[in-house]
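>
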Amino acid sequence: MTKYARYAVYWAPGAGSALARFGAGWLGWDVEAAADAPRLSVQGLPAPIEKLTKSPRRYGFHATLKPPFRLAPGTNRAALETALVELAQEVAEFEAPPLALRADLGFPSLRPSAPCAALDGLAARCVTDLDTFRAPPGDAELRRRRAAGLSESQEANLTRWGYPYVLDQFRFHVTLANRMGAKDFGALEKALAPHLNRAIGNPLHVREMCLYGDPGEARPFHLLRRFRLSG
């Protein structure tokens, strides 16, 4: 595809890495190939894997740096990619704390095991430096965001940056499943341990940011290009 309904800037594990293989098998979607992937065989899940992963599968295995946005009038993908190249040349690669499976955001996700200013800073640069490429959200999207109930800071972020959970509200996370209760999370944690133990536990090497594309019609996102941090 050459045209996408929306774009997003995400972190994704290195191509071919253990975590990337886990993500493709868990979600049943290979963002790199933009194709279905064989599902992992996981015993003891609290619900069928297809049900658990229905929402995160749509967006592909990732952690958000700049949330999905429509291109602003007068901009295009080529110019966005040029801006991403320039941004990547200003940011050095870094190590973040190891990822751990947590439910502190209300849903199962892989989260850094300790705060990381470098991750927060990279996401902030993506949100602010690339904002000229973002078309403002429509009224329907604003109503949908506000229906969840926003804090004063989240409302300010939505108004200025088009999304509530950026900058001071940003929490780096790789969503694994839909929202669930504590009992189901305990079962999920136990079931995934043998698979995740091979993919996480070491410091997270943040070497790239990635441009993802939304093909529209509720189809899963595609990983379009990786940008190596070289600052």
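When you number the sequence shown by my numbering, it's gap-free, plus one each residue, and the end is 238.
Idealized CB from N, CA, C, for every residue including glycine.
As the structure is a prediction and not an experimental result, all values here were calculated from the model.
If I'm right that L72 touches Y17 with Cβ under 8 Å, what's the distance once you round it to whole angstroms?
Confirmed, about 6 Å.
> Compare the Cα-Cα distances from D43 to each of A54, G51, R64, A163 and report the closest residue.
Comparing Cα positions, the closest option is R64.
> Exposed or buried, what is L230 when buried is set at 16 or more other beta-carbons lying within 10 Å of its beta-carbon?
Under this definition L230 is a buried residue.
> On the three-state DSSP scale, how would you describe H212?
DSSP places H212 in strand when its eight states are reduced to three.
> Quick one: what's T139 bridged to in DSSP?
Answer is none; T139 lacks a bridge partner.
> Please report the straight-line C-alpha distance between A194 and L52, rounded to a whole angstrom.
Approximately 6 Å, taken between the alpha carbons.
> Quick check: F114 and M187, are their CB atoms within less than 8 Å of each other?
The answer is yes: Cβ separation under 8 Å.
> Rounded to whole angstroms, how far is the Cβ of D221 from the Cβ of P75, which I believe are closer than 8 Å?
Rounded, the Cβ-Cβ distance is 6 Å, consistent with contact.
> Can you tell me which residues form a DSSP beta bridge with R109?
BP columns for R109 point to S116.
> Measuring CB atoms only, is the segment 204–217 touching the segment 92–109, in the sense that at least three cross pairs come out at less than 8 Å?
Contact between the segment 204–217 and the segment 92–109 is present, because at least three Cβ pairs lie under 8 Å.
> Please report the straight-line C-alpha distance between N164 and W33, rounded to a whole angstrom.
Taking the straight line joining both Cα atoms gives about 32 Å.
> Taking the C-alpha atoms as reference points, what is the distance between A27 and R150?
Rounded to whole angstroms, A27 to R150 spans 35 Å at the Cα level.
> Kindly indicate the opening and closing residues of the beta strand (DSSP E) around E93.
Element bounds for E93: not the beta strand (DSSP E) but the alpha helix (DSSP H), 84–95.
> Is it right to say T182 is buried, meaning 16 or more other beta carbons lie within 10 angstroms of its own, or is it exposed?
By the neighbour-count rule (16 or more Cβ atoms within 10 Å), T182 is buried.
> Is DSSP giving C133 helix, strand or coil here?
Of the three classes helix, strand and coil, the one that applies to C133 here is helix, per DSSP.
> Grouping DSSP H, G and I as helix and E and B as strand, with all else coil, what is T71?
Strand, per DSSP.
> Between the Cα of N204 and those of S48, A25, K10, spot the shortest distance and give me the residue it belongs to.
Looking at the Cα atoms, A25 is the closest of the given residues.
> Would you report the Cα separation of E93 and Y219, rounded to the nearest angstrom?
Cα to Cα, E93 sits roughly 17 Å from Y219.
> Does the segment 126–134 come within contact of the segment 169–182, defined as at least 3 CB pairs closer than 8 Å?
The segment 126–134, when compared against the segment 169–182, does touch it at the 8 Å Cβ threshold.
> When we look at the beta-carbon of R153 and count the other beta-carbons within 10 Å, is it buried (16 or more) or exposed?
Looking at its Cβ environment, which holds fewer than 16 other Cβ atoms inside 10 Å, R153 is exposed.
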